[in-house]
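Remarks on the structure that follows.
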Amino acid sequence: MFCMDNISSNTIDDLISNRKYFAQITQEFLKTISLERIPLFSSIEIETMNRCNGKCTFCPVNHDIDPRKFSRMSEPLFQKIIDELKTLNYRGRLALYSNNEPFLDVRIEDFARYARSALPRACIYIYTNGTVLNKTRLERILPSLDYMIIDNYDDNGIITDSIRQLIESCKSNTEFSKKVKISMRKQNEVLFSRGGNAPNKKIVQPLQMSCILPFKQIIIRPDGKLSLCSNDALGKYTLGDITTHSLVECWTSIEYMSVRKKIMLGRSECELCRACDSLYNPADY
C-alpha cells in the first residue's frame, strides 16, 4: 500500500552540517584508489534528450534559461551503450536521465525495457518531476525499473494534481508502491552550487576536500560525449566520446586520468570543481 513512508522531504542541511564527515570518508575512499588500476565505474547516467520542462531556480538548464542546443540520442547509440554494459556484466547503478526530464522523451519506456533485458542485475532508476507522467506510462516503465523518485515541486508543500493521480495509481498496485517514492521539493530552494552553474548560488572559496565522482561516475550526453560529472550540466568539459571509443577506453583515457590527478590534490585544481560545493557519499555510488 502506498503510504506516508513513500513521501519524504529533501534537505541539504544535514549534508552541509556534516561536511567534515564527508571530507573524511572521501579521503578514506581515495586512499583505496590506485591511478594505475582504476576500478570500473559503478554509476552511469544516460541523458537521452537534453530538455526539461521544469523552472527550478537552482538549475542551470531549467526551461526558461537552458542554453544548450537541442540534442536527442539516437536509438542505435543508446543500444550500443547498453550492449557494452552487458559485455561488461555491469551490475552498478544506471540512471536513464541526467540534467533533463526523462519523460519528455517518448522512447524512454522502450529504452528502459531494452536496458532491463540486457542488464538484469543493474540497478536501473529514474528521477522525474512527474508532470508528463501518467498512469499508462507509469505501468509501462515500472516493470523495467528498480525504483523511481518523483519530485513534487511546490513551494507550499502541496502535492500537485498530476502527482496525486500517480499516487492513486500506485495505491492499487503493491509492486508499484514498493518502487515509487515521492520527494517533496521546492522550485525556489537553494541547493548546491552545481560547479558554479547554479543560477541562485555561488561559492567564494573552494571546499577543502576532494570528490569521488571522477572515480565512480560516467555521464553520457545525447550526442555521445562524456561530461566531467553530473554537475557539468552545460557540458563544459568533455572527457570522451562513445561514438568513436568504447566506454572502457573513455574511462581509462588520458582526459579522465588528468582530471583524477587534479581532484586528488583538491577542488582548487579544476575550474568546475573549484566552484562546486556538492557532497557525495562513496557508499551511494
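If you count the sequence shown from 1, you need to add 1453 to reach this note's numbering. Just so you know, even glycine gets a beta-carbon here, dropped at the ideal spot from N, CA and C. The model shown is predicted, which means the values in this text are computed figures rather than measured ones.
Is it a yes or a no for the segment 1670–1680 touching the segment 1496–1505, going by three-plus beta-carbon pairs under 8 Å? Verdict: yes, contact present.
Just checking: is the beta-carbon of D1599 within a distance shorter than 9 Å of some beta-carbon in chain D? Among the chains in the structure shown there is no chain D, since it carries only a single protein chain.
Given a cut-off of 9 Å on the beta-carbon distance, is the pair K1624 and S1615 in contact? In the sequence shown, the residue the question calls residue 1624 occupies position 171. In the sequence shown, the residue the question calls residue 1615 occupies position 162. Against a cut-off of 9 Å, the Cβ pair of S1615 and K1624 comes out as no contact.
Meets three-Cβ-pair contact criterion under 8 Å: the segment 1565–1576 and the segment 1541–1552: Touching, per the Cβ criterion.
Backbone CA spacing between P1451 and L1692 [nearest angstrom]: The structure shown does not extend to residue 1451, since the chain is modelled only from 1454 to 1738, so the question has no answer here.
Exposed or buried, which one is Y1606 when buried takes at least 16 other CB atoms within 10 Å? Counting from one through the sequence shown, the residue named residue 1606 turns up at place 153. Buried.
Exposed unless 16 or more other CB atoms sit within 10 angstroms - verdict on N1641: Taking the first residue of the sequence shown as 1, we reach residue 1641 at position 188. A residue is called buried when at least 16 other Cβ atoms come within 10 angstroms of its Cβ; N1641 does not meet this threshold and is exposed.
Alpha carbon of T1479 to alpha carbon of D1730, nearest angstrom: Position 26 of the sequence shown, counted from the start, is the residue given in the question as residue 1479. Position 277 of the sequence shown, counted from the start, is the residue given in the question as residue 1730. Roughly 14 Å separates the two Cα atoms.
Rounded separation between Q1661 and A1476 - CA only: Here residue 1661 refers to the residue found at position 208 when the sequence shown is read from its first residue. Here residue 1476 refers to the residue found at position 23 when the sequence shown is read from its first residue. Taking the straight line from one Cα to the other gives about 8 Å.
Look at the Cβ atom of S1663, then the Cβ atom of I1656, and state whether they are nearer than 9 Å. Looking up residue 1663 in the sequence shown gives position 210. Looking up residue 1656 in the sequence shown gives position 203. No, the pair does not count as a contact, with Cβ atoms beyond the cut-off.
Alpha helix (DSSP H) runs contained entirely in the segment 1594–1636, provided each spans 4 or more residues: Complete alpha helix (DSSP H) runs here, min 4: 1614–1624 and 1627–1632.
E1498, enclosing beta strand (DSSP E) - first and last residue: Translated into the one-based positions of the sequence shown, residue 1498 becomes position 45. From DSSP, the beta strand (DSSP E) with E1498 extends over S1496 to I1499.
Do you know offhand how far L1483's Cα is from L1732's? By 1-based counting over the sequence shown, the position of residue 1483 is 30. By 1-based counting over the sequence shown, the position of residue 1732 is 279. In a straight line, the C-alpha of L1483 is about 15 Å away from that of L1732.
Near K1654, what residues of its chain come up, given a Cβ to Cβ distance below 6 Å and the 5 sequence neighbours on each side ignored? Here residue 1654 is taken as the residue at index 201 of the sequence shown, counted from 1. Counting only Cβ-Cβ distances below 6 Å, and skipping sequence neighbours, we find V1643 and S1646.
Neighbourhood of M1457 by C-beta, 6 Å cutoff - its chain only, sequence neighbours within 5 removed: If you number the sequence shown from 1, residue 1457 lands on position 4. Because M1457 carries a pLDDT of 46, less than 50, the predicted location of this residue cannot be relied on, and no value is offered for it.
So who's on the other strand from S1680, going by DSSP bridges? Here residue 1680 refers to the residue found at position 227 of the sequence shown. Answer is I1672 and T1691.
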